[in-house]
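As given, the protein sequences belong to chains A and B, one line each in that order. Each residue of the first sequence is one higher than the last, beginning at 149 in our numbering. Each residue of the second sequence is one higher than the last, beginning at 149 in our numbering.
Number of protein chains: 2
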Amino acid sequence: MKTKQYHVEFEPIGRRGECPSDESLLEAAHRLGIELVSLCGGRGTCHRCKIQVLSGKASSPTASEQEHLTPEELANGYRLACQAYPLGDCTVHVPAESLTAPQRTQVEGQQVKVTPNPPVRAYNIEMSPPSLSDLRADAERMVQALNQQRGVSCRSVDTEVLRGLSPLLRSWDWKAQLSVRGAEVVAVLPPASAQLGLAIDLGTTKIAGYLVDLGSGETLAAQGIMNPQISYGEDVIARLSRVSRSPSGDTGAQKLVVEAIDRLAADLCAMIEARPENIVEAVVVGNTAMHHLLLRLPVDQLGRSPFVPAVSGPMDTKVRDVGLHLAPGAYLHTPPNIAGFVGGDHVAMLLATDMPRRNGLVLALDIGTNTEVALVRNGEIASVSCASGPAFEGAHIKDGMRAAPGAIERLRLVDNSIEYQTIGGQPPVGLCGSGILDAMAQLYLAGVLDKSGRLGDHPRVRSRAGQREFVLVSEEERDGRPAICITQGDIRELQLAKGAIRTGINVLLESTGCSEQDIEEVVIAGAFGSYIDVSSAVTVGMLPPLPLDRFHQVGNAAGTGARLVLTSMGKRSEAQAMARRIQYIELTTAPQFHDTFIKATQIG
Amino acid sequence: MKTKQYHVEFEPIGRRGECPSDESLLEAAHRLGIELVSLCGGRGTCHRCKIQVLSGKASSPTASEQEHLTPEELANGYRLACQAYPLGDCTVHVPAESLTAPQRTQVEGQQVKVTPNPPVRAYNIEMSPPSLSDLRADAERMVQALNQQRGVSCRSVDTEVLRGLSPLLRSWDWKAQLSVRGAEVVAVLPPASAQLGLAIDLGTTKIAGYLVDLGSGETLAAQGIMNPQISYGEDVIARLSRVSRSPSGDTGAQKLVVEAIDRLAADLCAMIEARPENIVEAVVVGNTAMHHLLLRLPVDQLGRSPFVPAVSGPMDTKVRDVGLHLAPGAYLHTPPNIAGFVGGDHVAMLLATDMPRRNGLVLALDIGTNTEVALVRNGEIASVSCASGPAFEGAHIKDGMRAAPGAIERLRLVDNSIEYQTIGGQPPVGLCGSGILDAMAQLYLAGVLDKSGRLGDHPRVRSRAGQREFVLVSEEERDGRPAICITQGDIRELQLAKGAIRTGINVLLESTGCSEQDIEEVVIAGAFGSYIDVSSAVTVGMLPPLPLDRFHQVGNAAGTGARLVLTSMGKRSEAQAMARRIQYIELTTAPQFHDTFIKATQIG
């Protein structure tokens, strides 16, 4: 069948374009830069990409849509964008709730304290201009001046640097600042320029960026943004599957994240009145999937058992080979990955928390859609990856949402009423991860939930659409808008999530012959981990029952680790040595994995 | 003034496109891939880009056109394409004589004889597939197998190679052939693949390509093509000036030559049923301007006194950073340049003729638009560059042409008649370089030309358009078509050309304190040098008067040198060591340069 082109207009955003008849409205929206939510990667199972066709003709609703949309919705043109294809020019309304919400990002983390020993060093030199009696080529003149004036020997000058060199040296009157990495000149800047490094913690959901002075090691600016790749699916597996199913050569997912990092770098530079050309080295840490998608490495094998990475070693890639627009000769360094689901961000977190030097028994977790857990015994590290899922990000939870304004982030059951706090003090619109965890703990402590997770009787428990739910904020309290509840189904999702994390902890303890009570410290890293009430996490059994003073929430340790790797060659080597020594345990092949998991899903 | 777009159609080629009103018809033609001749780089001085506007409106003829086109031509819409701009939709006729002619290219040269010691080596390995009990990443699995099975240690795998690796290893059932350069894997091919190298002699006018088996060193295929960059100007200075005047970021000149090399590589591969992906290393030799244009290095400073290169050292650049489509991780190696007008092709020629190892006094020349001359005394080399100009390529000569079918390549004055031979035995249409040289020598020997170059009386000498000319082929002999003549003006051009070359030779002799008669051998390299009658060159005084058995015409020695550098790391080092030792003499700063030059323009 011949592909036709139709004109599709998305409202109220006012974005429009030509869309082929074999492209779903979800794909069309993403192509036009509209961040429609898609948790399932376009398979019609998450029902988050709801849109309304206001005028024009689209394909008929699929079975999945007829099952999950109400007859009223169907009658009013509501569709799942991933299931609908244009059959003529269309006007489409995108409801706010179908858009990826802006969201808090954790970029704080402490200033990194390490003696700078950066991979790139700056040298200011002066050259004599060429003449009929001194016909040396520009590049050789520069490299010789560097050697004579600063005692530094270089073997090569980056090709892109050479492409701009001759007019620049002349316009700067034969004075310049050279950025040298190993034996290569990677940048030539005007005399006495800023010499910057960029550290990025590339999360599945969020990207944190730090601009660092490579000379002093000081962090000059920090900012967090959403990962726009989220339009390719909210969790790693959905995203990998979507990319694997793309026609080969489709680099859309990579482009999205590269453009986001480019914008982030430009924004960070603008904060300190610098330019991206001054960024002469970049470090990105992320899970293995984010790492592979950024570097455009193959991911098909990463999404199928036995889930092996294409590359696990550290990489030094020219930023231009990734598509980033920093100093044209700059390198992007990525620390090693450990396994298919334990990436360089885990290594960075362990580095930032100084795990190889710790005495005693320490547990370190980075909680997210995928949770990495390390058990460290006198510096020896064993790690597992737990598929904790996106429940704590608010996904698959009836009234769940991300940590955005209006999310209930803390709550308490007092007698029969609920006290709560929302992000930004806004009227409540849903529950984010820390609120969900509190709710579960409070219901268990009040005896409303039993160990098995069954929701018992309580004045606030009711039945709706065939399932029991606990009303946190009622319709009356919301002036007639739908109540905010936690359902029996939500509880089951949370049991799976927290069970996965606890299983990881237990398998690590079993494999090293240690007991819970021997754990001297629990380090909780990551944005979600920093916001949770630890006692709630202990109450529901996500974390082991230890005195609360043994727990330390350390914020974005992966971002801190990225800055260490950026500014210190010593830390970079340490990360590599540590990665080689980490013992990776594949959870699903651990003995009694299934029994351990079933037990761990119990509450308390 | 606002730029408008007009539709311009070029006949009889049938190429058409939208052309902005501020783009000359020459630029428009080049952009559309029409190889209109332009010797002057679009300055309106060579009058070679003649076209006819058949319909539509163009800008008014300029002073240059009114001076050089006849009133009839102007009345019939003839224009110089570089001077004419569209003022509306146009139809334009391109006469055949305004198109770059196909032309013989010299690719013969002897088979290279050297023990292969290539920069890239092939290793076949087998890997065990990943499993839940062996979760190593694909890249690490491969590098470890290489180390265990072949004892080769690699530190890195090229990023582009990694981007294709995972599906390929699986489709080849975990068997592969690795191409290793230094400590880097630059290509991964199916088991037992061809391992090819590409050597290119990149001339201003012609490109010669050689496909070489890197394992055996054998040349598998060779082919010559025109350098399409000729549409940017026929000589180096015109081309540099045109590129310098282009808006920054205009990489059209580079793209033309890169696409030509890509096509040449594909054609060479097709001859032996291989694919460009099998080419794991490339070497290009060329003059400094061609080198810089290929690598997209700055050329502005190369076209202005003191004419310094951006880079003179050897370079190893990823072929993808140049835009070539060979094995994606392959490198392009370029041997060192010596000066602004003495490039890596000169180094390659000296290497191929084994100059560093020669005893006694040897003179080596590569004659072209720019002629490089080296004087070698017991292996010590001094070199100069002579601006011999394009007269021997047929440019600036009334009936001159390149060495294409119908060109008179040899001639003799016998009594009062002319005997001649044309390329391809076709009816004569003009004179190529070797024919021009013979004509000059024959006229001098017959006493028609005196030492000063004045054309005396002879039955075949006549006056036309205010200047004297010697009729080589008369109107009658051409069935009424215009006679083929050599004019007094042509003789003056040739005196400048041959004088430039002889000046270079004389300055080298003076600077080393040697005399002509001490020269034991004269090596003449290059396409033109291979076709000339050496005795004619000696007669007119282009070459010193030595016994003819001291002269050796060696063909495309630069191409031979390129193959040596491609297949032997020993020869590659030798080229670099030699380049560092070459004493470059700037001709125009030599003592008595002007007197020497005036004397050298005399005939005999």
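Note that beta-carbon positions come from the ideal geometry of N, C-alpha and C, so glycine has one too. Here the structure is a predicted model, which means the values were calculated and not measured.
- Within chain A, the residues placing a beta-carbon under 8 Å from that of residue 737 of chain B are 280, 281, ordered along the chain.
- With a threshold of 16 other beta carbon atoms within 10 Å, residue 605 of chain B falls short and is exposed.
- The region 437-450 of chain B and the region 383-392 of chain B touch, with no fewer than 3 CB-CB distances between them shorter than 8 Å.
- At least one beta carbon of chain A lies nearer than 7 Å to the beta carbon of residue 459 of chain B.
- At least 7 Å separates the CB of residue 214 of chain A from every CB of chain B.
- Of A:314, A:664, A:701, A:665, the smallest CA-CA separation from residue 682 of chain A is found for A:701.
- Under the three-state reduction of DSSP, residue 278 of chain B is assigned to coil, being neither helix nor strand.
- Distance from the CA atom of residue 490 of chain A to the CA atom of residue 687 of chain A, rounded to whole angstroms, is 27 Å.
- From the beta-carbon of residue 313 of chain B, the residues of chain A found nearer than 9 Å are 445, 446, 458, 459.
- Here the region 494-502 of chain A does not lie against the region 470-477 of chain A, with fewer than 3 beta-carbon pairs under 8 Å apart.
- The beta carbon of residue 306 of chain A sits no closer than 7 Å to any beta carbon of chain B.
- Of all C-beta pairs linking the region 598-615 of chain B to the region 647-660 of chain B, fewer than three are shorter than 8 Å, placing the two stretches out of contact.
- At a cut-off of 7 Å, the C-beta of residue 465 of chain A has a neighbouring C-beta in chain B.
- For chain A, none of the residues of the region 504-538 of chain B brings a beta carbon within less than 7 Å of one of its beta carbons.
- Only those residues of the region 384-401 of chain B whose C-beta falls short of 7 Å from the nearest C-beta of chain A would be listed, and there are none.
- At a Cβ-Cβ threshold of 7 Å, residue 350 of chain B and residue 430 of chain B do not count as neighbours.
- Three or more Cβ pairs drawn from the region 371-382 of chain B and the region 402-422 of chain B lie within less than 8 Å of each other, which places the two stretches in contact.
- For residue 357 of chain A, the uninterrupted beta strand (DSSP E) run begins and ends at 354-361, by DSSP.
- Residue 469 of chain B belongs to the set of residues whose beta carbon lies under 7 Å from a beta carbon in chain A.
- Taking the CA atoms as reference points, residue 714 of chain A sits about 50 Å from residue 505 of chain B.
- Membership of residue 167 of chain A in the beta strand (DSSP E) is indicated by the continuous run 163-168.
- When the alpha-carbon of residue 298 of chain A is set against those of A:328, A:309, A:661, A:310, the nearest one is in A:328.
- Around the beta carbon of residue 717 of chain A, a 10 Å sphere encloses fewer than 16 other beta carbons of the protein chains shown; the residue is thus reported as exposed.
- Secondary structure of residue 319 of chain A (DSSP, three-state): helix.
- Nearest in C-alpha terms to residue 344 of chain B, of all of B:530, B:365, B:303, B:698, is B:365.
- Contact fails between the region 733-742 of chain B and the region 271-288 of chain B, because fewer than three Cβ pairs, one in each stretch, are under 8 Å apart.
- For residue 451 of chain B, the closest alpha carbon among the candidates A:565, A:315, A:451, A:623 is that of A:315.
- Of the residues B:689, B:643, B:640, the one whose Cα lies closest to the Cα of residue 664 of chain B is B:689.
- When secondary structure is reduced to three states using DSSP, residue 716 of chain A falls in the strand class.
- Each of B:383, B:631, B:569, B:636 was checked against the Cα of residue 543 of chain B, and the nearest Cα belongs to B:383.
- Spanning the alpha carbons of residue 623 of chain A and residue 493 of chain A requires a straight line of approximately 42 Å.
- Per DSSP, the unbroken beta strand (DSSP E) holding residue 464 of chain B starts and ends at 463-466.
- Residues of chain B whose Cβ lies closer than 7 Å to the Cβ of residue 310 of chain A are, in chain order, 445, 458, 459.
- Taking C-beta atoms under 8 Å as the contact rule, residue 272 of chain A and residue 339 of chain A qualify, at a distance of about 5 Å.
- Setting aside the 5 residues that flank it on each side, residue 535 of chain B is surrounded in the same chain by 518, 648, each with a C-beta closer than 7 Å to its C-beta; the list follows chain order.
- Contact fails between the region 574-583 of chain B and the region 605-615 of chain B, because fewer than three Cβ pairs, one in each stretch, are under 8 Å apart.
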